[in-house]
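Asks: FYI, in my numbering the residues of the sequence shown are -18 to 59.
Here a beta-carbon is modelled for each residue, glycine too, at the ideal position from N, C-alpha and C.
These figures come from a predicted structure and were not determined experimentally.
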Amino acid sequence: MSKRPVNVEVTPRYRNESAEKMIKRFNKKVKNERIIEDFRERQRYEKPSLKRKRLKLRKRLVLEKLQKTIDEKKKLTS
-18 MSKRPVNVEV
-8 TPRYRNESAE
2 KMIKRFNKKV
12 KNERIIEDFR
22 ERQRYEKPSL
32 KRKRLKLRKR
42 LVLEKLQKTI
52 DEKKKLTS
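1. For Arg6 versus Val(-9), is the C-beta distance shorter than 9 Å?
2. By the three-class DSSP mapping on this structure, what secondary structure does Gln48 have?
3. Pull up the CB-CB distance for Val11 and Ile4, whole angstroms please, since I reckon it's below 8 Å.
Spelled out as structure tokens, the structure:
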């Protein structure tokens, strides 16, 4: 959620690269930069307390998922 402007640009990698591949690379870059997610977040005001709650929940879910994968790897090795 940076305030900096983001310019995403895609140029052909080789002479006859199809437009579909370029569009696919463009969409991937936009997704990696989180441009659309940031836009949707800023469409409506979100109270700081709710924002903290949402981020805390997301963090907890990511940690739980990571812990689950670690536990599964331990089961496979033992």
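Replies: Once the coordinates are examined:
1. yes
2. helix
3. At roughly 10 Å, the Cβ-Cβ gap does not stay under 8 Å, so Val11 and Ile4 are not in contact.
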